[in-house]
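The sequence shown stops at residue 82 when you use this note's numbering, and every number in between is there. Ideal Cβ positions, reconstructed from N, Cα and C, are used throughout, including at glycine. What you are looking at is a predicted structure, and each value in this text was computed from that prediction instead of being measured. Have a look at the structure below before the remarks.
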Amino acid sequence: MGYATPNQSDSTYDHDAQRASIPITLHHLDEATEGTTLVLTPGQVERFHSQLSRAIELRERELGPQ
């Protein structure tokens, strides 16, 4: 496995299952790709939110005042 990227499709949330689903593309080392879904619990969604917010903050700091 090489890496995964989010698709252009919107994420969904299943209230009954308490799960968020994010469409992603898996990029294999042989350059093949396949679509799948990343399924997250509420705690995992909160962790991703925190991690992505931090990444955005670091990027903005690197870019400096515009």
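Beta carbon of residue i nearer than 8 Å to that of residue j
i	j	result
H44	G18	yes
I40	T21	yes
L42	T52	yes
Three-way DSSP call (helix, strand, coil) for residue i in this model
i	result
G18	coil
G80	coil
A36	strand
A71	helix
H44	coil
Identified DSSP bridge partners for residue i
i	result
T53	P39
D30	R35
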